[in-house]
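Taking it in order: structure first as structure tokens, then the write-up.
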Amino acid sequence: PVITPKTEAVVFDDTKPINLNLLKVLSAESGALVAVSAMDNQPLLSSKRMLVVLSTDARNSDMRFSDDTNFKATDLGHLPVLIRANKVKLALKNTNQSQLKGYSVNLRGQRQDAIALKQISDSIEFELDVRKLSHGATTYFEIAAE
């Protein structure tokens with residue numbers, strides 16, 4: 004895991020719950036990288052604008068490997084790049100929890116679908132499900148005070 008005042012991140016294969024300092028991975032369908040970073044130069048605990056990254060396996064269409072380890076590519080395939088769908092449930096402690104809204108963000112940084120945030124005491128809980136996005140897969144999400 005990575006834990007700094009402005010970023011918390013974890014890469015995992017096991018889908019058991021993971022507790023960092025402010026970020027919790029409550030559940031996940033499969034392994035991934037989950038990261039939250041403050042985008043307003045504030046500590047994550049009091050940030051009013053955060054980027055959430057949900058990164059899974061990505062590869063070209065029809066990409067081929069020499070064996071099941073996927074270590075040596077024998078055919079680099081072609082576009083489009085395919086992103087493995089995943090669903091994670093996260094909790095994030097933040098002092099602005101009552102003001103926060105969540106959005107998926109496309110690869111150009113534009114807000115897209117609203118993401119429901121549930122206030123739990125001094126935290127928010129939310130689910131990121133790439134399959135449910137109206138604009139297709141993304142790895143980026145924004146949480147911001149409004």
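Residue 123 in this note's numbering sits at position 120 of the sequence shown; the count goes up by one each step and never skips.
All residues carry an ideal CB built from backbone N, CA and C; glycine is no exception.
Since the model is a prediction, treat every value here as computed from it, not as a measurement.
Spatially closest choice to T18 from H138, S107, N89 and A147, by CA coordinates: Here residue 18 refers to the residue found at position 15 when the sequence shown is read from its first residue. Nearest C-alpha to T18: N89.
Backbone secondary structure at K51 - three-state DSSP: Counting from one through the sequence shown, the residue named residue 51 turns up at place 48. The answer is coil: DSSP assigns K51 none of H, G, I, E or B.
P20: CB within 7 Å of a non-hydrogen atom of the ligand SAM: The model depicted lacks the ligand SAM and carries no ligand whatsoever.
Buried versus exposed, by CB contacts within 10 Å (16 or more), L95: Within the sequence shown, numbered from 1, the residue matching residue 95 stands at position 92. Buried is the call here.
Contact belief for K104 with L47 at Cβ below 8 Å, rounded distance in angstroms: Here the question's residue 104 lines up with position 101 in the sequence shown. Here the question's residue 47 lines up with position 44 in the sequence shown. About 17 Å; that fails the 8 Å criterion.
Integer-rounded CB distance, given that A35 should sit under 8 Å from T72: Walking along the sequence shown from the start, residue 72 turns up at place 69. Walking along the sequence shown from the start, residue 35 turns up at place 32. The Cβ separation is near 19 Å, so there is no contact.
Opening and closing residue of the beta strand (DSSP E) in which L136 lies: Numbered from 1 along the sequence shown, position 133 holds the residue referred to as residue 136. Secondary structure note for L136: it is in no beta strand (DSSP E), with a DSSP letter that is neither H nor E.
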